[in-house]
Amino acid sequence: MISSFSMWSDQPSDPSPDQPSALGGPGPSCAPPAVPPAAAGLYEVVRQRRDVRGQFTGEPMPPGALHRILGAAHSAPSVGLTQPWDFILVEDEETRAAMHAHVSQERACFAATLTGDRAERFAPIKIDGVLESTLSVVVTYDQDRGAPAVLGRNTIADAGLYSVCLAIENLWLAATAEGLGVGWVSFYREQFVRDLLGIPERVRPVAWLCVGPVSHLETTPDLERHGWAVRRPLDVVIRRERW
Ligand SMILES: Cc1cc2nc3c(=O)[nH]c(=O)nc-3n(C[C@H](O)[C@H](O)[C@H](O)COP(=O)(O)O)c2cc1C
1225 MISSFSMWSD
1235 QPSDPSPDQP
1245 SALGGPGPSC
1255 APPAVPPAAA
1265 GLYEVVRQRR
1275 DVRGQFTGEP
1285 MPPGALHRIL
1295 GAAHSAPSVG
1305 LTQPWDFILV
1315 EDEETRAAMH
1325 AHVSQERACF
1335 AATLTGDRAE
1345 RFAPIKIDGV
1355 LESTLSVVVT
1365 YDQDRGAPAV
1375 LGRNTIADAG
1385 LYSVCLAIEN
1395 LWLAATAEGL
1405 GVGWVSFYRE
1415 QFVRDLLGIP
1425 ERVRPVAWLC
1435 VGPVSHLETT
1445 PDLERHGWAV
1455 RRPLDVVIRR
1465 ERW
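Following this line, the structure appears as C-alpha cells:
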C-alpha cells in the first residue's frame, strides 16, 4: 500500500520537551517556527525535485540555463578541493541512440532476474529519458585529480566519489529551480560508456543525466506511483546518540 506520507515536514520529529536537541523543540508556543524566505525557497526546490523519465518535451534549453546549472554543480564541496568531476555534454542523436540501446539491454537483464509481483510492477516502469530529453550530461570522476596528496581521502577512498555525487545533486536542484527536469540513468556498464564517449580508463562515468525542459514535475516519485517502493518517514531514520 502506498503511504500518504509527505516527505517534507517543517516540524522536527517528536523532540521531548525536557530533552534539548539540535533538532530543536516545538518552542514555547504552538506556532510553527518562522522559516527564513531564502530557506523556504530552497526547501521548496528540494520538495519539488523529481527524477524525470517520461515528462521531457525535447524543447531547447532556455538561454544560459545549462551554464548556470553546470556552475551550480561545479560549486559543490569536494574532498581536498579536488573538484574531481567533468561534465560531458551529449547531444548527438547517434550517440544517444547507442546509449539507449545499451540501457534497454541492461533493463531487460534486470527484468529477467525478477519474478511474481516484482516482475509485474517493474514491467511498466520507464527507466530513462535518453532519447526524449534535450541533452545528456555525463558526470565523471577522475581519481587522479589533485592526487596523490588528497587532503581528506587518505582514510576513505570513496570521498572522491561522494564529491561527484554532491556536484550532481547541486545540478539537480539548480535545474529544478530553473523549472527543468533531470533523470539519473544507471542502467549501464561503465566500460560501455567509457568506450562510447572516449573516457580514459582511470575515469569513472558516475551518472548519465538526462536534462531538459519538461511538461511538469510529478509530485510523487515514479517508483512510488508504480507501487515499487515507498518513501520512509523521517522519524524512522533519525537515531539519537547511537545507532
Ligand atoms: C545513484 C542513482 C541512480 C539512479 N538510477 C536510475 C535509473 O537508472 N533509472 C531511473 O529511472 N531512475 C534512477 N534513479 C532515480 C531514483 O529511482 C529516484 O531518485 C527515486 O526513485 C526517488 O524518486 P525522486 O528522485 O523523484 O524523488 C537513480 C537515482 C540515483 C540517486
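1225 is the number of the first residue of the sequence shown in the working numbering; add one for each residue after it.
The beta carbon of each residue, even a glycine, is placed where N, CA and C say it ideally should be.
In this text the structure is predicted, and so the values were computed from the model without any measurement.
Query                                                                           : Result
Straight-line gap, Asp1279 to Pro1372 (C-alpha atoms, nearest Å)                : Residue identity differs from the one stated: residue 1279 is Gln in this sequence, not Asp. Each residue's alpha carbon lies about 43 Å from the other.
CA nearest to the CA of Cys1333, picked from Phe1411, Ser1360, Pro1429, Arg1455 : Phe1411
Opening and closing residue of the alpha helix (DSSP H) in which Val1406 lies   : Premise fails: Val1406 lies in the beta strand (DSSP E), 1404-1409, not in any alpha helix (DSSP H).
Contact test: Leu1447 Cβ vs ligand 1 heavy atom, cutoff 8 Å                     : yes
Cβ pair Pro1348, His1440 closer than 9 Å                                        : no
Cβ-Cβ distance between Val1469 and Tyr1267 below 9 Å                            : Outside the displayed range of the chain (1225 to 1467) lies residue 1469, so it cannot be described from this structure.
Reduced DSSP category for Ile1462 - H, G, I as helix; E, B as strand; rest coil : coil
Cα-Cα separation, Leu1433 to Val1409                                            : 6 Å
Ala1453: CB within 8 Å of a non-hydrogen atom of ligand 1                       : yes
The alpha helix (DSSP H) enclosing Gly1340, as first and last residue numbers   : 1340-1346
Heavy atom of ligand 1 within 8 Å of Gly1304 beta-carbon                        : no
Per-residue DSSP class, three states only, for Pro1429                          : strand
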